[in-house]
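Visitor:
Residue numbers (the working numbering): 139 to 216.
Here it is in structure tokens:
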């Protein structure tokens, strides 16, 4: 399920022209980090509480809204 969700998210980010970098089980965006866990996707954003989305209820529109704001920033350095 993780691979399916990951490929869907990557396709969605490419279509939306979001800059991202992949680091293991994480996708790093300019203002968020998506971490793939066994049963859920964790969304970390600066100044916001950790948010989780179970893969079965993954809403790509909502996810894009949460992570794609302020895309003019540069990606964080690793």
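Ideal placement from N, C-alpha and C gives every residue a C-beta, glycine not left out.
None of these values were measured; they are calculated from a predicted model.
1) Within 7 Å: the Cβ of residue 150 and any heavy atom of the ligand PLP?
2) Which of helix, strand or coil does DSSP assign to residue 188?
3) According to DSSP, simplified to helix, strand and coil, what is residue 164?
4) Along the chain, where does the alpha helix (DSSP H) containing residue 116 start, and where does it finish?
5) Hey, how far is the Cα of residue 156 from the Cα of residue 185?
Guide: Straight from the coordinates:
1) This structure lacks the ligand PLP, and indeed carries no ligand of any kind.
2) coil
3) Residue 164 falls in the strand class under three-state DSSP.
4) A query on residue 116 cannot be resolved here, the shown segment of the chain reaching from 139 to 216 and no further.
5) 21 Å
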